[in-house]
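In our numbering, the protein residues as written are 1 to 220.
Just so you know, even glycine gets a beta-carbon here, dropped at the ideal spot from N, CA and C.
Written as structure tokens, this is what we have:
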């Protein structure tokens, strides 16, 4: 269980740090802003999760390993782009896809990580809390990232972002609660998030929204 959680932690940290750094670079932030955005994206959801379950100070401050990994990842991303200024232009067509997959892996890893924390804290019978901690851990970092970058958070507008996290957390929580070993439940939850996000992107699934009135053309 601990090995699996470590894998999910590292995967989520790296994935979200890269996505945060790429957003910062695209928004023309300097090196400090890029690194900060990488850190808050990678650790934001976990900090909120820890506050909810009473881990004060949050783990990110007690064991700064993940902050260091996120900062180093953000620095590497910045240096690569800084030393190859034409690279963003060359990969602009693939930017959305790169962001999508890093976001997806981060959401999946941190969603099941949040469920696992709930189980470890003795809340394995409280399905609502397991799901809530899974979702806040999974989407919290991306939400904070987008607020810092002054843009509408992806969780509110694209590719059933939060819905995939909810589904993965529910699957992991239900399987853990009703007799399936925790590791299997977490793996199924992780796979569910990735699969739903992939299908949503592949078939352009989005939740319904109000498009607004179309402008009326004036007649001559």
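{"Query": "Quick one: give me the first and last residue of the alpha helix (DSSP H) that residue 86 is part of.", "Result": "Run containing residue 86: none; DSSP gives neither H nor E here."}
{"Query": "Can you tell which of 190, 74, 175 and 183 has the C-alpha that lies nearest to the C-alpha of residue 35?", "Result": "74"}
{"Query": "May I have a chain-ordered list of the beta strand (DSSP E) segments no shorter than 3 residues that lie completely inside the segment 127 to 197?", "Result": "none"}
{"Query": "Does residue 150 pass the burial test, meaning 16 or more other C-beta atoms within 10 Å, or should it be called exposed?", "Result": "exposed"}
{"Query": "Within the chosen definition, does the segment 112 to 121 reach the segment 181 to 192 through at least 3 CB pairs nearer than 8 Å?", "Result": "yes"}
{"Query": "Tell me, please, whether the segment 95 to 109 touches the segment 7 to 26 by the rule of three or more beta-carbon pairs shorter than 8 Å.", "Result": "yes"}
{"Query": "Considering only the beta carbon of each residue, do residue 117 and residue 127 sit closer than 8 Å?", "Result": "no"}
{"Query": "Measure from the alpha carbon of residue 168 to the alpha carbon of each residue in 181, 189 and 160, then state which is nearest.", "Result": "189"}
{"Query": "Within the same chain, show all residues whose beta-carbon is closer than 6 Å to that of residue 31, passing over the 5 residues directly before and after it, in chain order.", "Result": "78"}
{"Query": "Whose CA, out of 33, 144 and 199, lies closest to the CA of residue 71?", "Result": "33"}
{"Query": "Within 10 angstroms of its Cβ, does residue 62 collect 16 or more other Cβ (buried), or is it exposed?", "Result": "exposed"}
{"Query": "Whose CA, out of 156, 2 and 198, lies closest to the CA of residue 210?", "Result": "156"}
{"Query": "For residue 95, which three-state DSSP category applies?", "Result": "helix"}
{"Query": "Using the three-state DSSP reduction, which class does residue 47 fall into: helix, strand or coil?", "Result": "helix"}
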